[in-house]
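Trainee: Start counting the sequence shown at 7; every next residue gets the next number (my numbering). Here a beta-carbon is modelled for each residue, glycine too, at the ideal position from N, C-alpha and C. Everything numeric in this text was worked out from a predicted model, so none of it was measured. Take this structure first; my questions come after.
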Amino acid sequence: MNRTPVAKFFGIALFALVALAATSCGTNSTSSSGENPPAIAATIHIADGKFEPREIEIEVGGSVMWINDDVASHDLKFVAPNKLHSGTIKPAGSWSQTFTSAGNYDYYCDFHNSMKGSVVVRPAP
């Protein structure tokens, strides 16, 4: 069966669109290595333009997962001297970070500067 150039074009375009959609449906997540991801010590939900809970406390070595339950994209930018940045977390996406040093990690959404939160990392007992 011979296909016209228009049919071939639409077939290729449909394939490209499906491939693009499949790659953009995943979550934004990080892992410290190619090994199994660390256990999550706390989960923060992003919804209604805020981080919930706004402040959490974990031990060194703990991981925090942020889940975007909002309709808008968000990101996490940590205040200096921490140089952590999540990149864009799309709706229904997530991002996790393992904290290896004790301290206060204040962050905000670079897209919505009024959204702020804090991770307090205490030494392990």
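From what residue to what residue does the beta strand (DSSP E) around residue 122 run?
Mentor: 122-128 is the extent of the beta strand (DSSP E) around residue 122.
Trainee: Please say whether residue 57 and residue 50 have beta carbons closer to each other than 8 Å?
Mentor: Yes, they are a contact pair.
Trainee: Only counting the same chain, and skipping five residues up and downstream in sequence, which positions put a Cβ closer than 7 Å to that of residue 75?
Mentor: 51, 52 and 53.
Trainee: So the beta strand (DSSP E) residue 112 belongs to, where does it begin and stop?
Mentor: That run of the beta strand (DSSP E) goes 109-114.
Trainee: Compare the Cα-Cα distances from residue 118 to each of 103, 101 and 95 and report the closest residue.
Mentor: For residue 118, the nearest C-alpha among the options comes from 95.
Trainee: Check residue 69 in the structure and name its three-state DSSP category.
Mentor: Strand at residue 69.
Trainee: At the 8 Å Cβ level, is residue 113 part of the contact set with chain C, yes or no?
Mentor: Here chain C cannot be found, since the structure has a single protein chain.
Trainee: I need the DSSP call for residue 92, collapsed to helix, strand or coil.
Mentor: Residue 92: coil per DSSP, three-state reduction.
Trainee: So, residue 79 versus residue 103, is the Cβ gap smaller than 8 Å?
Mentor: Not closer than 8 Å, so no.
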